[in-house]
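Colleague:
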Amino acid sequence: MSTLFTEASLSAPSGRLTLRNRTFLAPMCMYSVDARDGVPTPWHLVHLGARAAGGFGMVIAEATAVVPEGRISPEDLGLWNDEQVEAFKPITAFIKSQGAAAGVQLAHAGGKASTYGWIPRWHSQGLSGSVPVDDGGWVTVAPSVTTVHGLAESHELTVEEIRESVQAWAAAARRADEAGFDFIQLHAAHGYLIHQFLSPLTNTRTDEYGGSYEGRTRYVREVAEAVRAAWPAEKPLGIRFSGSDWVEGGWTVEETARLAVELRAAGVSVFDVSSAGIGAYHGPTGPGYQIALADHVKRALVADAAERGAAYDSFVTTVGMITTAQQAEQVLVNGQADGVSVARAALKEPNWPALAERSLGGSVEDSPFAQQYWRAHW
Ligand SMILES: Cc1cc2nc3c(=O)[nH]c(=O)nc-3n(C[C@H](O)[C@H](O)[C@H](O)COP(=O)(O)O)c2cc1C
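The letter at position 370 of the sequence shown is residue 363 when you use my numbering, and the numbering goes up by one with no holes.
Take a look at the structure:
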């Protein structure tokens, strides 16, 4: 019996969410909202639905903006209005009908918003970087004005605007609930707004939202608290970090681990550990290149639980070039993480979990494959 295909139980303040296995579809922007209104399309239903049918325990919808100006590109999803809620409903219903849990990554891209996104049709036209205002772009917002990302200059958020933005995350969380999602992952990674507050490379504020660790983490702590209060207590709340900026003077894995422990106390229980995204800095790459970061965060959460005399009840996932079933299984057996997030391998193979289950010796009967496809197992 593999560990990867044992059930997982995600804790919430007054409930638990059971997953059929420990595979998570990582959030992946599809840049496919052609009408530029943040409303999901048939593409999103098929993309997410196919991977729910392919056996994932949790399917997380792409970075979904809490306000229009928080979109990475004009073609991103959003959860700032009721039309978006209605359009998400059949998608969450379908994901759940396939036995997967439905998650959404709530996001605000901050100073890295209003870009053309990673879409060949733009690149083939020579379009990349910031979308100008006269082509449907907008003036972005950020904790501080910086040229680190080589994009159009952002407006520096006032304290009043920061407070309004915290409320926007909470409102989006309420809509995510209404849309039928079981799980929210806050996007605090990859150089987007929350990460811009965390990193000293992009946060040079001198008020209460900058400076010390305490100041730089204030925004994410306020967002997590507001979302936790708006999101049903029986549903788990998660967060995705960039575990390191991979550069001297940037955000570190030690700070990530400290923040995870603090957020655990505020009701965040699921932690996904990615890395990088501030400026052009990149760390090591290769199979499982971010496992050590997840391991670091998990150890801090385990130690914190032990100190409190409590059982470890967080859930840490690792992500980044986890491509084979054996590799994923080994990470869990080693105890470095509790689950794995898979992105690109699942673009190539939507049935990644169903195939992984069989290659780890699982039975056809226990396979998370859609019933309609079972004959493919022989
Ligand atoms: C097409 C694509 C879109 C992505 N969009 C997001 C996103 O919306 N949010 C996010 O946190 N990461 C995003 N990522 C990063 C992935 O979630 C993942 O962290 C990364 O690809 C490394 O995992 P992998 O080696 O399994 O692909 C995206 C990656 C790809 C390939």
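Virtual Cβ for every residue (Gly too), placed ideally from N, Cα, C.
Owing to the predicted nature of the structure, the values given are computational and were not obtained by experimental measurement.
Quick check: the Cα distance between Ser235 and Phe264, rounded to an integer number of angstroms?
Modeller: Translated into the one-based positions of the sequence shown, residue 235 becomes position 242. Translated into the one-based positions of the sequence shown, residue 264 becomes position 271. So the alpha carbons of these two residues sit roughly 11 Å apart.
Colleague: So, at 7 Å on beta carbons, what are the nonlocal neighbours of Glu76 in its own chain, with the 5 sequence-adjacent residues on each side left out?
Modeller: Looking up residue 76 in the sequence shown gives position 83. So the qualifying residues of the chain are Val32.
Colleague: Trp73: buried (16+ other C-beta within 10 angstroms of its C-beta) or exposed?
Modeller: Translated into the one-based positions of the sequence shown, residue 73 becomes position 80. Result: buried.
Colleague: Using a Cβ-Cβ distance cut-off of 8 Å, determine whether Gly328 contacts chain B.
Modeller: Protein chains in the displayed structure number just one, and chain B is not present.
Colleague: Less than 8 Å between the beta carbons of Trp244 and Leu191, yes or no?
Modeller: For the purposes of this step, residue 244 is identified with residue 251 of the sequence shown, where counting begins at 1. For the purposes of this step, residue 191 is identified with residue 198 of the sequence shown, where counting begins at 1. In contact: Trp244 and Leu191 (Cβ atoms closer than 8 Å).
Colleague: Would Met(-6) be called buried (16 or more neighbouring beta carbons within 10 Å of its own) or exposed?
Modeller: As a working note, residue -6 is residue 1 in the sequence shown. Exposed, because fewer than 16 other Cβ atoms sit within 10 Å of the Cβ of Met(-6).
Colleague: If you scan the stretch 23 to 89 from start to end, which runs of the beta strand (DSSP E) of 3 or more residues do you find wholly inside it?
Modeller: Segments of the beta strand (DSSP E) lying fully in the stretch 23 to 89: 51 to 58.
Colleague: DSSP on Gln283, reduced to helix/strand/coil?
Modeller: For the purposes of this step, residue 283 is identified with residue 290 of the sequence shown, where counting begins at 1. In the three-state reduction of the DSSP assignment, Gln283 falls in the coil class, being assigned neither a helical nor a strand state.
Colleague: Using a Cβ-Cβ cutoff of less than 6 Å, which residues in the same chain neighbour Thr133 once the five nearest sequence positions on both sides are dropped?
Modeller: Taking the first residue of the sequence shown as position 1, residue 133 is located at position 140. Only Gly104, Ala106, Ser107 and Ser147 meet the Cβ criterion.
Colleague: May I ask whether a heavy atom of ligand 1 can be found less than 7 Å away from the beta carbon of Pro20?
Modeller: Here residue 20 is taken as the residue at index 27 of the sequence shown, counted from 1. Yes - ligand 1 has a heavy atom lying nearer than 7 Å to the Cβ of Pro20.
Colleague: Leaving out the 5 sequence neighbours to the left and right, which residues in its chain are closer than 7 Å to Val372 when beta-carbon positions are compared?
Modeller: No answer is possible for residue 372: the residues shown for the chain start at -6 and end at 371.
Colleague: Between Ile315 and ligand 1, is the CB less than 7 Å from at least one heavy atom?
Modeller: Within the sequence shown, the letter at position 322 stands for residue 315. Because some heavy atom of ligand 1 lies under 7 Å away, the Cβ of Ile315 counts as near it: yes.
Colleague: State yes or no: is the C-beta of Arg337 nearer than 7 Å to some heavy atom of ligand 1?
Modeller: What you label residue 337 is simply residue 344 of the sequence shown in a count that begins at 1. Result yes, Cβ under 7 Å from ligand 1.
Colleague: For ligand 1, is there a heavy atom less than 7 Å away from the beta-carbon of Arg214?
Modeller: Within the sequence shown, residue 214 is the residue found at index 221, counting from 1. No - ligand 1 has no heavy atom lying nearer than 7 Å to the Cβ of Arg214.
Colleague: State buried or exposed for Ala166, treating a residue as buried only when at least 16 other CB atoms are found within 10 Å of its CB.
Modeller: By one-based count along the sequence shown, residue 166 stands at place 173. Here Ala166 is buried, its C-beta having at least 16 other C-beta atoms within 10 Å.
Colleague: Once DSSP output is grouped into helix, strand and coil, what is the label at Ser237?
Modeller: On the sequence shown, residue 237 is found 244 positions in, with the first residue counted as 1. Coil, per DSSP.
Colleague: Report the three-state DSSP secondary structure of Gln320 (helix, strand or coil).
Modeller: Taking the sequence shown and counting its residues from 1, one reaches residue 320 at position 327. Correct three-state label for Gln320: helix.
Colleague: Quick check: the Cα distance between Gly129 and Val78, rounded to an integer number of angstroms?
Modeller: One-based indexing of the sequence shown puts residue 129 at position 136. One-based indexing of the sequence shown puts residue 78 at position 85. The straight-line gap from Cα to Cα measures roughly 23 Å.
Colleague: Starting from Gln365, follow the alpha helix (DSSP H) in both directions and report where the run begins and ends.
Modeller: Your numbering for residue 365 matches position 372 in the sequence shown. Segment: none, Gln365 is in no alpha helix (DSSP H) and carries neither H nor E.
Colleague: Would you mind sorting Trp345 into buried or exposed? The rule is 16 or more other CB atoms within 10 Å of its CB.
Modeller: Start at 1 with the first residue of the sequence shown, and residue 345 comes out as number 352. With 16 or more Cβ atoms within 10 Å of its Cβ, Trp345 is classed as buried.
Colleague: Return yes when the C-beta of Val312 is under 7 Å from any heavy atom of ligand 1, and no when it is not.
Modeller: As a first step, residue 312 is located in the sequence shown; it is residue number 319 there, counting from the start. Yes.
Colleague: Assign Pro125 to one of two classes, buried (16 or more other C-beta atoms within 10 Å of its C-beta) or exposed (fewer than that).
Modeller: Counting from 1 along the sequence shown, the entry for residue 125 is found at position 132. With fewer than 16 Cβ atoms within 10 Å of its Cβ, Pro125 is classed as exposed.
Colleague: Once you ignore the five residues that flank Ser7 on each side, which residues in its own chain have a CB closer than 7 Å to its CB?
Modeller: As a working mapping, residue 7 is identified with position 14 in the sequence shown. Same-chain partners within the cutoff: Ala226 and Glu227.
Colleague: Is Ser192 near ligand 1, going by C-beta to nearest heavy atom under 7 Å?
Modeller: Stepping through the sequence shown from its first residue, residue 192 is reached at position 199. It does not: the Cβ of Ser192 is nowhere closer than 7 Å to a heavy atom of ligand 1.
Colleague: Give the straight-line distance between the Cα atoms of Ser123 and Pro67, rounded to the nearest whole angstrom.
Modeller: Looking up residue 123 in the sequence shown gives position 130. Looking up residue 67 in the sequence shown gives position 74. Distance between the alpha carbons of Ser123 and Pro67: 11 Å.
Colleague: Where are the beta strand (DSSP E) runs, 3 residues long or more, that stay fully inside the stretch 196 to 271, in chain order?
Modeller: Runs found: 230 to 235 and 263 to 267.
Colleague: Which of the three DSSP states is assigned to Ile177 in this structure?
Modeller: Sequence index remark: in the sequence shown, residue 177 carries index 184 (1-based). Three-state DSSP puts Ile177 in a strand.
Colleague: By the DSSP assignment, the alpha helix (DSSP H) with Ser352 in it spans what residues?
Modeller: Reading the sequence shown from its first residue, position 359 is the one you call residue 352. Trp345 to Ser352 is the extent of the alpha helix (DSSP H) around Ser352.
Colleague: If distances are taken between C-alpha atoms only, which option among Arg251, Ser237, Ala296 and Ala293 comes closest to Pro277?
Modeller: In the sequence shown, counting from the first residue as 1, residue 277 sits at position 284. The candidate whose alpha carbon is nearest that of Pro277 is Ser237.
Colleague: Should Glu55 be counted as a contact of ligand 1 given a C-beta to heavy atom distance under 7 Å?
Modeller: One-based indexing of the sequence shown puts residue 55 at position 62. Glu55 Cβ: within cutoff of ligand 1.
Colleague: Is it buried or exposed for Leu230, if we count other Cβ within 10 angstroms and need 16 for buried?
Modeller: For the purposes of this step, residue 230 is taken as residue 237 along the sequence shown, with counting starting at 1. Label assigned to Leu230: buried.
Colleague: Specify whether the stretch 110 to 117 and the stretch 206 to 226 touch according to this definition: at least 3 beta carbon pairs, one from each stretch, less than 8 Å apart.
Modeller: Touching, no, given that fewer than three Cβ pairs across the two stretches are closer than 8 Å.
Colleague: If you draw a straight line from the C-alpha of Tyr305 to the C-alpha of Leu18, how long is it?
Modeller: Taking the first residue of the sequence shown as position 1, residue 305 is located at position 312. Taking the first residue of the sequence shown as position 1, residue 18 is located at position 25. Cα-Cα distance, rounded: 24 Å.
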